[in-house]
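In what follows, a single structure is set out as structure tokens and then discussed.
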Amino acid sequence: MNAILLIVVPLVGAVLAALWPTNRTRPWFLPVFGFVHAALCFGLLVHPPTVPPDAWLGFDPLARAVLPAVSLLFLVCAVYAIAYLRVRDERPNRVFVASLLSVLGLLSAGHQARHLGLLWIATEAVTLAAVPLLHFNNTPRAFEATWKYLLVGGTGIALSLLGSLCLGYASLHGGGKGDLTFVALTAQGAGLSRPWVLAAWVLLLVGYGTKMGLAPMHTWKPDAYGEAPGIVGAILAGGVTTVAFTALLRVRSVVNSAGEGAIANRTFLAIGLFSMLVAALFLLGTRDYKRMLAYSSVEHMGILSIAASFGGIGVWAALFHVWSNSLTKGTLFMSAGNIRRAAGSPSMDSVCGMAAVVPRSAALFVAGTFAITACPPFGPFFSELKILLAAFKTGHGTAAVFFLAGLLFAFFGLTRVVFAIVDGRPHPAARAGGKRFRETAGLIAPPLLLLILSLWLGLFTPAVLQDAWSAAVLQLFPPL
Amino acid sequence: MIATLNLLIGLAMGLNLLALGSNRLPALIRTVSIQGMTLGVMPLLLENHNLDWRILMIAVATVAGKGLLIPGLLRRAMRAANIEREINPFIGLVPSLLLGALGTIAAVALASALPLLPEHVGSLLVPGALASVLTGFILLIGRTKAISQVCGYLILENGIYLFGLLLIKATPLLVEAGVLLDLTVGVFVLGIIVDRIQRAFDSLDTRKLTALHE
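Quick mapping for you: the protein sequence lines, in order, are chains B and V.
Terminal number for the first sequence in this note's numbering: 484, no gaps in between.
Terminal number for the second sequence in this note's numbering: 216, no gaps in between.
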């Protein structure tokens, strides 16, 4: 019941927000419905429900391991959105608020989908619901980003449908009766037709990989993250990408049961390392600090994909990394959004000395950068350490070396841009912009809270979360 | 039945090549529209005489959506934007036709490597689906106007639809309805975006979308 409420509550909120008459008070819908969603979600995390095996939708262990992170990130972004939309009160926010709440509801559906077709419908709907968020700024650059997002994302989503159909045909060819729940597909196991399973895996990896932003299907990401408001970037990077990742994990467990797990692991590892390489190279070249965050997101999706290739312990570490990456990225996107507002430009060529103009945001941005590049004692350090340990335990020493090299180059790339904009003497124009832009508590407290949560997650990983991740691993790799 | 079906799939594959060879937008849209209607009739031929209302609904929705509604929206966008009717391909017409022909041959070869259920042996559904997906990709990559890219996307979706026909009896209604709904909404949104791009750039040339790069 509560599982359905997680989907329905935000969608009802979206309808109400769309009907609400005044621009000024409408943003309050976001934290109110975000809070109800988070309360429900964390209630379910602590008291997990039993999901009937043939259910199409349900708060199963995998949803329990990931969805609370998305819900938490959304709630904090929603609080930030009040202050942000007050700064941007010249723009109508009806469509923006309604779309944001729809995205939350549909993400909940995607995370809880236990049926191949339903999962696809939810992912497609999230893709479409995010479109108005991307062109909130209404500039030609935002249109360009939206067009590319829609074309690349739409093609990816089409390919994942083709992959889903191939997997359905694999089941049919193996004597299945057309039951496309993941439980039924896994139960069919070796009975699935191998060539069709492999075709499905390739198409689904490319399709959902596009949504996740794995290289070389990542091309929409820098444009979208660069032009969308900070919170939209945070929710795309921390919520939408994770739904694609869990989709791939669910499909992978089917491929595993069909006896092709080794191939799935190899492709995961290859595409993950390639994503890290591409991200590191672009991080060393980019001059725009919001696009930089997109490449950092590509890098972290690569890390998740690498971790997922190391079997059960790798997936455990990957789920940990989903949490630490989502929370830390939230800090970065919001503080970058503040800096962007104050500086008036996204490029490091024309922005410098922001530590003097917006000291709190700049401090958060620097701290967040160290957190995301896996400096201890923040969350990403511990999750990436677990991934490294998983690599050595499963005998992937060479991959671990490439992984570390990728992290190192990403560190160089990120710090290069970040210190260029934070240090130095600010331009007079930026000083004036900084005077107009006030760092209110509403714009500083949310990213700070996420940073503290990232720290807490690393130092005192709660037992309930560790349980949830272990249960999810057990669901994906059932003991024989 | 399978002979008639194969005839229609062959027609759809021919329309793929026609789409690759057309150098004017209205012709391209008309080709896509005819292909959509052809696809819409297919579910009726697939069932062995006992017509399920679900299958009938899918057929009607496909003819209306792929054959009439979406091409209508595209024509409206084309008129509203008042753009040139020439296509200005990025990959020329002859190279794209050659690529399309090669893709069709590759699709037939690939399809023969995949195992099929006894009732699907001898049907052109899989090669037709793969050929349309490849054609869609060639149009997406090789055309510069937003509307011709949308047409490419539609042909890609048509290929996926052809593949879906293999599963039409086994998959529950929800999946099929969702597929159609999402498709329509997807193109609808694409249409709005096209409209917006036109207002921002006064042309539908995606080559002008170059502000965002490294």
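Every residue, glycine too, gets a C-beta built ideally from N, C-alpha and C.
Shown here for V:Val135: same chain residues with a beta carbon closer than 6 angstroms to its own, the five before and five after excluded, namely Leu158, Gly161 in chain order.
One Cα belongs to B:Ala113, the other to B:Ala445, and the distance between them is close to 33 angstroms. B:Ile235 has its alpha-carbon roughly 10 angstroms from the corresponding atom of B:Pro451.
Within 9 angstroms of the CB of V:Leu119, the CB atoms of chain B belong to Tyr173, Leu176, His177, in sequence order along the chain. Close to chain V, meaning a Cβ-Cβ distance shorter than 7 angstroms, are the following residues of the stretch 273-301 of chain B: Phe286, Gly289, Thr290. Using a Cβ-Cβ cut-off of 7 angstroms, B:Pro57 does not count as an interface residue toward chain V, since no Cβ of chain V sits closer than that to its own. V:Glu88 has V:Arg26 as its beta-bridge partners, per DSSP. In this structure, B:Val187 and B:Asp292 do not form a Cβ contact; the two beta carbons are roughly 45 angstroms apart against a cut-off of 8 angstroms. A straight line joining the alpha-carbon of B:Thr290 with that of B:Val80 spans about 28 angstroms. Residues Ala113 of the same chain have their beta carbon placed closer than 6 angstroms to that of V:Val128, with the five preceding and five following residues left out of the count.
Boundaries of the alpha helix (DSSP H) harbouring V:Ala63: 55-64, taken from the DSSP string.
For V:Gly74, not one C-beta of chain B is nearer than 7 angstroms to its own C-beta. B:Asn27: not part of any alpha helix (DSSP H); DSSP gives it neither H nor E.
Residue-level contact by beta carbon fails for B:Arg344 and chain V, as no gap is shorter than 7 angstroms. Under the 8 angstroms Cβ criterion, the stretch 7-23 of chain B counts as touching the stretch 90-102 of chain B, having at least three qualifying pairs. In this structure, B:Leu208 lies away from B:Ser175, with their beta-carbon atoms at least 7 angstroms apart. Under DSSP, the beta-bridge partners assigned to B:Thr185 are B:His119. The C-beta of V:Phe92 comes no closer than 7 angstroms to any C-beta of chain B. When the alpha-carbon of B:Leu285 is set against those of B:Asp353, B:Ala409, B:Thr190, the nearest one is in B:Ala409.
From the beta-carbon of B:Leu169, the residues of chain V found nearer than 8 angstroms are Ile162, Phe165, Gly166, Leu168, Leu169. By the C-beta density criterion, V:Trp55 is exposed, having fewer than 16 other C-beta atoms within 10 angstroms. For V:Glu216, a Cβ of chain B is located within less than 7 angstroms of the residue's own Cβ. In the DSSP secondary-structure assignment, B:Leu61 is bridged to B:Ala117.
DSSP lists B:Asp292 as the bridge partner or partners of B:Ser351. With respect to the C-alpha of B:Gly178, the residue from B:Ala191, B:Asp93, B:Gly167 having the closest C-alpha is B:Ala191. The alpha-carbon separation between B:Gly437 and B:Met358 amounts to approximately 11 angstroms. In the structure shown, the three-state DSSP call for V:Lys171 is coil. Chain V places no beta carbon closer than 7 angstroms to that of B:Arg429, leaving this residue out of the contacts.
When the five nearest sequence neighbours on each side are left out, the beta carbons in the same chain lying within less than 8 angstroms of the beta carbon of B:Leu392 are those of Ala404, Phe407, Leu408, in order along the chain. Taking one beta carbon from each stretch, the stretch 88-95 of chain B and the stretch 67-77 of chain B have fewer than 3 pairs nearer than 8 angstroms; the two do not touch. Ranked by how close their Cα comes to the Cα of V:Leu17, the residues V:Ala213, V:Thr146, V:Ala131 have V:Ala131 in first place. The beta carbons of B:Gly157 and B:Leu15 sit about 21 angstroms from each other, so the pair does not count as a contact at 8 angstroms. Sorting V:Ile149, V:Arg209, V:Leu167 by C-alpha distance to the C-alpha of V:Ala79 places V:Ile149 at the top.
CA-CA distance, V:Asn25 to V:Cys153, rounds to 13 angstroms.
Distance from B:Phe385 to B:Ile343 at the Cβ level is roughly 24 angstroms; contact not present, criterion being Cβ atoms closer than 8 angstroms.
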